[in-house]
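What follows is a short report on a single structure.
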Amino acid sequence: MDDGHWATNVELQLRPGARFDAITGTRAALTLLTTRWSTFGPAFFRAQNVCQAALDDRTSHEAARTAFIAAAREAGLWMRY
39 MDDGHWATNV
49 ELQLRPGARF
59 DAITGTRAAL
69 TLLTTRWSTF
79 GPAFFRAQNV
89 CQAALDDRTS
99 HEAARTAFIA
109 AAREAGLWMR
119 Y
């Protein structure tokens, strides 16, 4: 099964002062969204849908990465990408 590895990781700091976690692809992004996310706005729900669509081969993994970054911005998380 394709995990949808991205050419460039997205690194997130989930809490102030915490270490940055490297999100390497679509499956890792979807897992994070469904298990550790705390801000549930429109970008969050879109990212969940786009990540699942990419894993189902209905859209690109790059689209999933873009949607994930938008959800992280919406949540106000520090990022490196």
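The sequence shown begins at 39 in our numbering and counts up by one.
Note that CB positions come from ideal geometry on N, CA and C, so glycine has one too.
All figures in this text were calculated on a predicted structure; none of them were measured in a lab.
Where residue i falls: helix, strand or coil (DSSP)
i	result
residue 84	helix
residue 65	helix
residue 108	helix
residue 56	coil
residue 115	coil
residue 73	helix
Neighbourhood of residue i by C-beta, 8 angstroms cutoff - its chain only, sequence neighbours within 5 removed
i	result
residue 119	46, 47, 48, 49, 107
residue 112	77, 79, 80, 81, 82
Of the listed residues the options, nearest to residue i (C-alpha basis)
i	options	result
residue 72	53, 87, 58	87
Using 8 angstroms as the threshold, is the stretch 77 to 84 in touch with the stretch 49 to 69, meaning 3 or more CB pairs across them?
no
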